[in-house]
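Engineer: The structure's right below; bear with me while I get my questions together.
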Amino acid sequence: MEVAVRLAVQCGEAMLEAIAAVDSQSGLNLKDGKHGIDPQTATDLANERLVIDTLKLIFPTHAVIGEESCAAAGGKVPMVDPSVPTWIVDPIDGTQNFCTSLPLSVVSIGLCLNGVPALGVIYDPFRDELFVGVAAEGAYLNGVRMRADAKRTALDKAMVLTDVGYERSPKGARRLAACHEALLLANTFGVRIVGSTVLALAWVAAGRASAFYVGLHKKDVPKAWDWCAAKAIGDASGVVFLRAENDIPFDLTSPSVCAAGSEALAKTLRRTLCQATVVLKD
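Read in our numbering, the sequence shown has 88 at position 79, and its numbers run on one by one without any break.
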């Protein structure tokens with residue numbers, strides 16, 4: 010755990026340095042191949058290189074999966090081999106926010122043992138907040154034990170977080186709008202877009218938000234690096250994870266999630282979203 014924490018903090022410091030040095034006219038250094046709505050910065054690449062190189066040096070028998078290296082290899086996400094300890098890394102989650110200096114992006118480092126997320130480290134450099142979760146040992150925010158909010162079981166008491174991802178098609182936009190409309194008509198206490206799946210899930214794990222959903226837009230859905238660390242932390246803090254579109258158990262290959270501090274809220278959220286989108290033709 011100490012290695013993952015040290016690397017996450019180093020990557021977070023690099024993010025702050027990049028933003029502090031940015032030319033307000035030219036913006037952050039975007040790399041060729043991932044401009045537009047799904048950007049990639051030089052800091053993404055440098056952070057991932059640091060993490061992968063260090064983990065491979067210290068744990069030579071472990072596998073490492075990183076978002077940017079997968080993108081460079083054509084975007085295919087390798088399957089996690091249960092027989093091999095596997096690190097899954099997102100060097101900056103919330104890159105759109107990072108590119109505009111909006112302080113809502115984090116570093117995510119997770120470890121799978123026997124194919125299941127067992128350790129999660131998420132670092133938010135803008136608030137200097139370190140979220141850590143270890144299976145059977147609990148979840149902690151800056152060293153203080155944290156728990157998800159299990160008391161809120163109905164939407165009218167729930168602060169629900171979400172993300173629109175990179176969906177820009179007419180059909181996808183209609184699905185996203187239908188979800189928002191359904192939650193508002195259900196008298197949901199609050200609905201907020203964060204722009205970082207990992208950060209949103211960390212906030213649910215910390216009890217700051219009641220629930221989070223994403224993936225119903227069906228395009229450029231979250232991947233294993235969005236889930237791994239957050240799932241380990243969420244499991245350790247009492248978060249309930251469901252797939253948003255069906256009853257198949259949630260795992261690292263799931264394209265969607267409804268995560269909440271209580272099973273009742275997670276199921277109510279899923280039912281509300283599914284009823285809103287089932288009438289739409291894909």
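Cβ atoms here follow ideal geometry from the backbone N, Cα and C, with glycine treated the same way.
Among all the DSSP beta bridges, which residues are the ones paired with ARG154?
Structural biologist: Taking the sequence shown and counting its residues from 1, the one referred to as residue 154 is at position 145. Answer is TYR149, bridged to ARG154.
Engineer: Can we count GLY216 as close to the ligand MG, meaning its CB is less than 6 Å from some heavy atom?
Structural biologist: The model on display carries no ligand, and the ligand MG is accordingly not part of it.
Engineer: Can you look up LEU192 in the DSSP assignment and give me helix, strand or coil?
Structural biologist: Taking the sequence shown and counting its residues from 1, one reaches residue 192 at position 183. Correct three-state label for LEU192: helix.
Engineer: Determine the direct distance from the alpha carbon of LYS65 to that of ALA51, and round the result to whole angstroms.
Structural biologist: Locating residue 51 in the sequence shown gives position 42, where the first residue counts as 1. Locating residue 65 in the sequence shown gives position 56, where the first residue counts as 1. Each residue's alpha carbon lies about 21 Å from the other.
Engineer: Is it buried or exposed for GLU272, if we count other Cβ within 10 angstroms and need 16 for buried?
Structural biologist: For the purposes of this step, residue 272 is taken as the residue at position 263 of the sequence shown. By the neighbour-count rule (16 or more Cβ atoms within 10 Å), GLU272 is not buried but exposed.
Engineer: According to DSSP, PHE135 sits in a beta bridge with which residue or residues?
Structural biologist: Within the sequence shown, residue 135 is the residue found at index 126, counting from 1. PHE135 pairs with nothing; no bridge assigned.
Engineer: Work out the CA separation of VAL98 and VAL287 for me, nearest whole Å.
Structural biologist: In the sequence shown, the residue the question calls residue 287 occupies position 278. In the sequence shown, the residue the question calls residue 98 occupies position 89. About 34 Å.
Engineer: In the DSSP assignment, find the unbroken alpha helix (DSSP H) run with SER246 in it and report its ends.
Structural biologist: One-based indexing of the sequence shown puts residue 246 at position 237. Run containing SER246: 233-246, per the alpha helix (DSSP H) assignment.
Engineer: Does DSSP classify ARG279 as helix, strand or coil?
Structural biologist: By 1-based counting over the sequence shown, the position of residue 279 is 270. Looking at ARG279 - three-state DSSP - the assignment turns out to be helix.
Engineer: Are three or more beta carbon pairs between the stretch 112-124 and the stretch 249-259 nearer than 8 Å?
Structural biologist: no
Engineer: So, under 8 Å CB-CB, VAL60 and ILE118 are touching, yes? Tell me the CB distance rounded to an integer number of Å.
Structural biologist: Mapped onto the sequence shown, residue 60 falls at position 51. Mapped onto the sequence shown, residue 118 falls at position 109. With 8 Å as the limit, VAL60 and ILE118 qualify as a contact, their Cβ atoms being about 6 Å apart.
Engineer: Buried or exposed for GLY174, please, with buried defined as at least 16 other CB atoms from any protein chain shown within 10 angstroms of its CB.
Structural biologist: As a working mapping, residue 174 is identified with position 165 in the sequence shown. Around the beta-carbon of GLY174, 16 or more other beta-carbon atoms lie within 10 Å, marking it buried.
Engineer: Whose CA, out of GLY147, ALA159, SER263, lies closest to the CA of GLY224?
Structural biologist: Along the sequence shown, one-based indexing puts residue 224 at 215. Closest option to GLY224, Cα to Cα, is SER263.
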